[in-house]
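First the structure, in the form of structure tokens, and then the observations on it.
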Amino acid sequence: MGMVESYRATIEWVGPAKLGTILLSAASRPGCSANLIETGGEVRLIVTIEDESIQSLRDTVDDLMVALADIEENDQ
């Protein structure tokens, strides 16, 4: 049995805590691991997406980016 290929993408965002919390809940989905880290008044959201298929990884990243962009746009 050969080694299973695995692809990983990481998205990082830095901004206000209020928006970070909303983005965190949007990023908490299957295939994604999301963490929020507070650093002096700001928060850093780190989302790691992992998949065995590069196409499937791309689809997940695309869906996530659309969701995060919508939230950010509506917050302004």
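If you count the sequence shown from 1, you need to add 3 to reach the working numbering. Here a beta-carbon is modelled for each residue, glycine too, at the ideal position from N, C-alpha and C.
| Item | Value |
| --- | --- |
| Status (buried if at least 16 other CB within 10 Å, exposed otherwise) for residue 72 | exposed |
| Counted within 10 angstroms of its Cβ, other Cβ atoms place residue 40 as buried (16 or more) or exposed | exposed |
| Range covered by the beta strand (DSSP E) that runs through residue 53 | 45-54 |
| Residue 57, buried or exposed, once every other Cβ within 10 Å from all chains shown has been counted against 16 | exposed |
| 8 angstroms Cβ cutoff met for residue 48 and residue 27 | yes |
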